[in-house]
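As structure tokens, the structure follows; a few thoughts come after it.
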Amino acid sequence: MDVPAGDKELVLTPDADVLKGKDTVYPVFIDPQWYSPRASAWTMVSKYWASSPQYKFNGENNAGLGYCGWYYCKPYDTKRLFYRIPVSKFADKTILEAEFVVRNVWSASCSARSVELWRTKDISSSTTWNSQTASGFWIDKLKTDSFAYGFEGCSAKDAEFDVKSAVQSAANARSSTMTFGMQAASESDIYGWKRFSDKAYLRVKYNRPPAQVKMSQLTMEYGGTCKKPADAARVRTLGKIYANNITDPDGDNIAVEFQAAWDTGDGKGSIGRWKPARTGYKKSGSDFAVSLPSSIPENKQINWYVRSYDGAQYSPWSSTGDPTSCYFTYDTKVPKAPSITSGEYPASDPEDPDDPWYDGVGQYGSFTLKAADTDVTKYWFGINGDPTSKNTIATSAGAAKVARMLPAKPGLNFFTARALDTAGNAGEIRTYQFRVKAGQPERAAWQLDDAAGSGAAKGEAPTRTAELRGGPTPHVEGAKGTAVSFDGVDDYAATDIATVDTSTGFSVSAWAKLSTLPDHAAIIAAQPGNHSPGFELYYSSGLDRWAFNQYTSDSPDAGIVRAMPSAAGGAKAGQWTHLVGTFSSSSDQLNLYVNGTLAGTTKYDSPWNARRGLQIGAGSYNGKPGSFFPGAIDELQIFDKPLSSGEVTRLYGKESLISGRAARAVFPMDEAVDATYLTGVAEVPNAKFYGGLTAGTPGIAGKALALDGADDYASTGRPLLNNQRGFAVSAWAKLPRTKPDHAAIIATQAGEHRPGMELYYSSGYNRWAFNQYSSDASDATPVRALQAEGQTAYADTWTHLVGVHDTVANKLILYVNGVEAGATDLQANWYAGGAVQIGAGNYDGAPGSFFPGQIDDVRLFDRPVSADEVRQLFQQRPLLNARWKLDSDSGSASPDDTGRATALALQGGARIGTGFMDGGLELDGVAGYAGAPAVPVDTSASFTVTAWAQAASTPAQNATVVSAEGTSQSPFAVRFVPDPAHPDGLGNWEIALPNKDGTDASTVRLASTEFSSVTDWNHLALVYDGFSKQARLYVNGILQEVPCDDADGDGQADNSSCEDLIAWGENVLTAKAGKSLQVGRAKTGSTGAEYFPGMIDDLWFFQGALNDSQVQELAGSWFDVPTEVPAGS
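Position 553 of the sequence shown, counted from 1, bears residue number 534 in this note's numbering, the numbering being contiguous throughout.
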């Protein structure tokens, strides 16, 4: 196991001999799970005290076993031990190892004697010797082991019994508990007398089944997204069907089984008719594809579905539960789909184990559409969804057209298109899948976590890494500090993503020292394209001089345009040389500077953007490295602007640039001698504080700035963005309770007279806004993207805001809390070269429009961000809107711990008693409940509710823990539902989410049985993700997903009565709660119902969807839990 430079990840390297061994069975489990549940109950039974229970060893921490006939036994007695252990976590999992472990703290001697371990019936506080002698109480003898620990010369030690088979049986039966009984093999042998601890446990290694494949992971080459029956696709072509990003929770290799069903008229209905062999195994996270068979009948509705397999267990079928199969009809009369090609984003090939990813999110791609027929007049297209009329390109006679789209997310994306003819008939949908790298990181960020009393906000940017390949030598003597030496044969370094847009102005600067004058080109730095580099800074052996070039196109036969000295010579081995290459898109000029002096210039008017990373020490040609540099390279800096001669002079003097936009990336080359990566970072200035602003106040996450709205602000003193190109700005802001009567600027980049952008609150509209100005003039007019009419900027509430300037779409876009709130067309294109400011605008060189309130986590991107990225930025910071600890009450109400919500009023005899953590809400199940005038979250958007609950006894009818009052439907409810067939059985926890508060509402109900008993304390979490329209129910931190056994792999459950248990649902729509919050009951109209009998404790409400790890953190945190959003992982 290795830890690469940066300490950000672990690299697990399996033993190659193991992987190739003749006895190796695939798939190989890389990361099985371990879990050790402890005994929840234990007892000892005494033959002498045959009718007296000895529950929990009468408070002692150990108890005896066997026959005690020794002098210290008064009276002589025979004893047996029992332990109950919860095992619901193992339901339907494959058990790889399992041991029952209990410490043998004392033995009569060191002479080993046998102990039997049995599976028995359950125990209780009334279990006695007499009751355990009943017929059938001792069910199965599991193991007999001989040992003796705890006497002089044989110290106390754990006794371990192999119980794999028994635990597997319990897992198959979905048992909630197992009870183990221990007795001496000989109950007449005084040397068999032993004592055992009360802390018994199971140590279990198990395999988790793969997760159910979601409908959103399924696509059709012809047909688009996975569709429900009412929206079945009509396809003319039987192409491939895809299952994308198929994962295993343990990281095991994974395979996929596809099936399709239809009705042939044989009386069997729509059943599986096409059942191809399961695919081969691939690594977790892979994509899978199969071709539909020619046997698919025409003009019949077909549905297909998948499940995954990790070598031990299947996932549930993708159609199980709330989701459906994917439906389509094969219709050869449907117009043909257009072809789709892209140079920036070549098509993904799921069968290629090295299927490449391409740069990147935030980078537009050009997709060429070509109709199959000549009567086509337009194309519809879409990204990661079906084509829509919103995205239309007109054509004539089916001519090829180019659509430009922004990939939405890292990983697999897909572009869809369909053609429409002169009569308006829409053809089949064509799906084009491609893989995308993560986009350029933020250009600059100010987290604003600075301590109170700080004079500036720390500026920072994520690091960039360049992997060292071939064996370069770091930590050699450099021009400044240390450098990296390359051998000129196969040494180079490469980044994952490009650094600058080579179709616009940029510069590259480096120090280089040749170890020898090579007989080939020697590249210092290059930014590769598909075939040719976008630039090369290098030594030309053929011309015997330094050079800076670009290629005329990204093609194998492209021409080279060079800026270089007019005469050969000048490059010497063993001598450090400073080189700068610049390109100005406004003057179409390439320049080369050598040692601070302009050495060559040339015209270049065919720029293009190279997007295949950055290479140091080598070029790239048709995707392969070449022209390796022999020597040392130091202080590589890349700028997104053409440097001036004065700036070049400062770099040659080894000085930093102090004005204008700072370096986009700097690789100092000061790595340790054993480094495997080079580390680079963008230069980001600190933001100096002005006025009397206060740092270190509580923020949305960590700390924030508090500003007075009069003269407080922060400034970087220099620009960071080129506002003429695509960019984005993101921030969290909170207005005071009394909103200002003037514009309040959160972030801006100043111009001479007017800012180049402003993210702000508009007092005139009482809405959030993002704007630019029509020109850099005092009388310029704002061009605004504004929240829609009827929306408002809320006071005293943290709000996430993102402004996007997209020059390709020609739009200014405003997002509020992850949702697009407004957009407008761009109307101006001028450069604002002033400072970035936080908390104030800048007009004619003076700050103004000061923000009153708090600002947190300001980020700048020098590219547009996608809607998916905006959602991710918002979802990183769920808002904690309320927490009722229910530990105390003041008269008849229990306070909210956040200070943002009202106290819960205690009604109908409800009171604060002893709960799971300190106090708790005690309810009688008849009339007791608690309530607040309003639900503290918007339930039509993403939200999370969590609480602990324990019933006094198993409820005979539905019992609601928490809900929202409705007129005819509760907008949400978390409740216990008993099993009508077995009223004393386990039952289930349930969440109910109607799509509206009406009698005709459609309600999604999700249930979980992932618990031992309703009479135990259970942690419940309802999570609704309004972006993905997904609802999840967690019980004790677990999102239940349990498939039925299918040992023979025939696609049918081995037990015909088995139903897969799925506690999440897709395509869930929710209603906005507009009335009161109800705790301990449901209420519709004026009627209360479903009163909960028992205790409720620690109730939380978040605006936003918590992730798995955050829910698990709350479920696993029992004492002294801080009132803040859980960090998770």
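For every residue, glycine included, the Cβ atom is placed at its ideal position computed from N, Cα and C. Only a predicted model underlies this, so the values are computations on that prediction, with no experimental measurement involved.
Item to check | For Val1092, the first and last residue of its enclosing beta strand (DSSP E) | outcome: Indexing the sequence shown from 1 puts residue 1092 at position 1111. Val1092: not part of any beta strand (DSSP E); member of the alpha helix (DSSP H) spanning 1089 to 1097, first to last residue.
Checklist entry - Lys605 by DSSP, collapsed to three states: which one? => result In the sequence shown, the residue the question calls residue 605 occupies position 624. Assignment of Lys605 by DSSP, reduced to helix, strand and coil, places it in the strand class.
Next on the checklist: In the DSSP output, which residue or residues are listed as bridge partners for Tyr671?
Outcome noted: In the sequence shown, counting from the first residue as 1, residue 671 sits at position 690. In DSSP, Tyr671 forms a bridge with Tyr694.
Item to check | Buried/exposed call for Phe10, threshold 16 Cβ in 10 Å | outcome: The residue labelled residue 10 in the question sits at position 29 within the sequence shown. Note that Phe10 has pLDDT 45, beneath the 50 cutoff, so the model's placement of it is unreliable and the number below is only indicative. Buried, because 16 or more other Cβ atoms sit within 10 Å of the Cβ of Phe10.
Next on the checklist: Using a Cβ-Cβ cutoff of less than 6 Å, which residues in the same chain neighbour Ser944 once the five nearest sequence positions on both sides are dropped?
Outcome noted: The count along the sequence shown starts at 1 and reaches residue 944 at position 963. Same-chain partners within the cutoff: Ser951, Ala954, Gln1059, Ala1063.
Next on the checklist: For a test of the three-state rule: what should DSSP assign to Asn39, helix, strand or coil?
Outcome noted: In the sequence shown, residue 39 corresponds to position 58, counting from 1. Collapsing the DSSP output to three states places Asn39 in a helix.
Checklist entry - When you compare each of Thr59, Tyr473, Ser90, Met163 to Arg65 by their alpha carbons, which one comes out closest? => result The residue labelled residue 65 in the question sits at position 84 within the sequence shown. The shortest Cα separation from Arg65 among Thr59, Tyr473, Ser90, Met163 belongs to Met163.
Checklist entry - With contact counted as at least three CB pairs below 8 Å, one residue from each stretch, are the segment 445 to 459 and the segment 691 to 703 in contact? => result No contact exists between the segment 445 to 459 and the segment 691 to 703.
Checklist entry - Exposed or buried, what is Gln385 when buried is set at 16 or more other beta-carbons lying within 10 Å of its beta-carbon? => result As a first step, residue 385 must be located in the sequence shown, where it is residue number 404. It is Arg, not Gln, that sits at residue 385 in the sequence shown. Result: exposed.
Next on the checklist: Using the Cβ count rule (16 or more neighbours within 10 Å means buried), how would you classify Asn747?
Outcome noted: Translated into the one-based positions of the sequence shown, residue 747 becomes position 766. With fewer than 16 neighbouring CB atoms inside 10 Å of its own CB, Asn747 falls in the exposed class.
Checklist entry - In whole angstroms, what is the alpha-carbon distance linking Ala668 and Leu573? => result Here residue 668 corresponds to residue number 687 of the sequence shown, with the count starting at 1. Here residue 573 corresponds to residue number 592 of the sequence shown, with the count starting at 1. So the two alpha carbons sit approximately 34 Å from each other.
Next on the checklist: Counting C-beta neighbours from all protein chains within 10 Å, is the total for Glu133 16 or more, i.e. buried, or is it exposed?
Outcome noted: What you label residue 133 is simply residue 152 of the sequence shown in a count that begins at 1. With fewer than 16 other Cβ atoms within 10 Å, it is exposed.
Next on the checklist: At the level of alpha carbons, what is the spacing between Thr485 and Phe620?
Outcome noted: Locating residue 485 in the sequence shown gives position 504, counting from the first residue. Locating residue 620 in the sequence shown gives position 639, counting from the first residue. When the Cα atoms are used, Thr485 and Phe620 turn out to be separated by approximately 11 Å.
Item to check | Outcome for Pro337 when other beta-carbon atoms lying within 10 angstroms are tallied against a minimum of 16 | outcome: Locating residue 337 in the sequence shown gives position 356, where the first residue counts as 1. With fewer than 16 other Cβ atoms within 10 Å, it is exposed.
Item to check | C-beta atoms of Ser88 and Gly40 nearer than 8 Å | outcome: Locating residue 88 in the sequence shown gives position 107, counting from the first residue. Locating residue 40 in the sequence shown gives position 59, counting from the first residue. No, Cβ-Cβ distance for Ser88 and Gly40 is not below 8 Å.
Checklist entry - In this structure, does DSSP put Val1106 in helix, strand or coil? => result Taking the first residue of the sequence shown as position 1, residue 1106 is located at position 1125. Residue state, collapsed to three classes: coil.
Item to check | Paired residues, beta bridge with Trp1045 - DSSP | outcome: As a working note, residue 1045 is residue 1064 in the sequence shown. Residue pairing of Trp1045 in beta bridges, as defined by DSSP: Arg1013.
Item to check | Separation of Ser300 from Ala93, as counted between CA atoms | outcome: The residue given as residue 93 occupies position 112 in the sequence shown. The residue given as residue 300 occupies position 319 in the sequence shown. In a straight line, the C-alpha of Ala93 is about 56 Å away from that of Ser300.
Checklist entry - Can you check whether the CB of Asp291 is closer than 8 Å to the CB of Ile227? => result Position 246 of the sequence shown, counted from the first residue, corresponds to residue 227. Position 310 of the sequence shown, counted from the first residue, corresponds to residue 291. No; because the gap between Cβ atoms is not below 8 Å, this pair is not in contact.
Checklist entry - With 16 other CB atoms within 10 Å as the buried threshold, where does Arg288 fall? => result Translated into the one-based positions of the sequence shown, residue 288 becomes position 307. In this structure Arg288 is buried. Its beta-carbon is surrounded by 16 or more other beta-carbon atoms within 10 angstroms.
Next on the checklist: Can you look up Ser251 in the DSSP assignment and give me helix, strand or coil?
Outcome noted: As a working note, residue 251 is residue 270 in the sequence shown. Note: Ser251 maps to strand in three-state DSSP.
Next on the checklist: I need the straight-line Cα distance from Ser280 to Gly220, nearest angstrom please.
Outcome noted: Locating residue 280 in the sequence shown gives position 299, counting from the first residue. Locating residue 220 in the sequence shown gives position 239, counting from the first residue. Note that residue 280 is Asn in the sequence shown here, rather than Ser. Cα to Cα, the separation comes out at about 16 Å.
Checklist entry - What whole-angstrom Cβ distance do Val83 and Phe177 have, given they're in contact under 8 Å? => result Indexing the sequence shown from 1 puts residue 83 at position 102. Indexing the sequence shown from 1 puts residue 177 at position 196. Yes, they are in contact, since the Cβ atoms of Val83 and Phe177 sit about 5 Å apart, within 8 Å.
Checklist entry - Glu850 by DSSP, collapsed to three states: which one? => result Looking up residue 850 in the sequence shown gives position 869. Looking at Glu850 - three-state DSSP - the assignment turns out to be helix.
Checklist entry - Rounded to a whole number of angstroms, what is the C-alpha to C-alpha distance between Ala1052 and Thr483? => result Indexing the sequence shown from 1 puts residue 1052 at position 1071. Indexing the sequence shown from 1 puts residue 483 at position 502. C-alpha separation (whole angstroms): 49 Å.
Item to check | Backbone secondary structure at Lys208 - three-state DSSP | outcome: As a first step, residue 208 must be located in the sequence shown, where it is residue number 227. Here Lys208 sits in coil by DSSP.
Checklist entry - With 16 as the cutoff for other CB atoms within 10 Å, does Phe1100 come out buried or exposed? => result For this step, residue 1100 is matched to residue 1119 along the sequence shown. Exposed is the call here.
Checklist entry - Could you check where the alpha helix (DSSP H) with Asn225 kicks off and where it finishes? => result To locate residue 225, count along the sequence shown from 1; it is residue 244. No alpha helix (DSSP H) contains Asn225, which is instead part of the beta strand (DSSP E) from 221 to 227.
Checklist entry - Count the other CB atoms within 10 Å of the CB of Arg592; is the residue buried (16 or more) or exposed (fewer)? => result Sequence index remark: in the sequence shown, residue 592 carries index 611 (1-based). Flag for Arg592 reads buried.
Item to check | 7 Å Cβ shell around Ala213 - same chain, five flanking residues per side excluded | outcome: In the sequence shown, the residue the question calls residue 213 occupies position 232. Here the set comprises Gln282, Tyr308, Phe309, Thr310.
Checklist entry - In whole angstroms, what separates the C-alpha of Glu423 from that of Lys439? => result Here residue 423 refers to the residue found at position 442 when the sequence shown is read from its first residue. Here residue 439 refers to the residue found at position 458 when the sequence shown is read from its first residue. So the alpha carbons of these two residues sit roughly 15 Å apart.
Checklist entry - Per DSSP, what kind of secondary structure is Tyr1111 in: helix, strand or coil? => result Outside the shown range of the chain (-18 to 1110) lies residue 1111, about which nothing can therefore be said.
Next on the checklist: When you compare the segment 1073 to 1089 with the segment 898 to 917, are there three or more beta-carbon pairs, one atom per stretch, that lie closer than 8 Å?
Outcome noted: Between the segment 1073 to 1089 and the segment 898 to 917, the count of Cβ pairs shorter than 8 Å is three or higher; the stretches touch.
Item to check | Inter-residue CB distance, Asp477 and Lys418 (contact presumed, cutoff 8 Å) | outcome: For the purposes of this step, residue 477 is taken as residue 496 along the sequence shown, with counting starting at 1. For the purposes of this step, residue 418 is taken as residue 437 along the sequence shown, with counting starting at 1. Rounded, the Cβ-Cβ distance is 6 Å, consistent with contact.
Checklist entry - Among Ala821, Val710, Glu141, Lys720, which one has its Cα closest to the Cα of Asp787? => result Here residue 787 is taken as the residue at index 806 of the sequence shown, counted from 1. When each option's Cα is compared against that of Asp787, the closest is Val710.
Next on the checklist: Using a Cβ-Cβ cutoff of less than 6 Å, which residues in the same chain neighbour Thr697 once the five nearest sequence positions on both sides are dropped?
Outcome noted: What you label residue 697 is simply residue 716 of the sequence shown in a count that begins at 1. These residues qualify, in order along the chain: Pro666, Ala668, Ala816, Val817.
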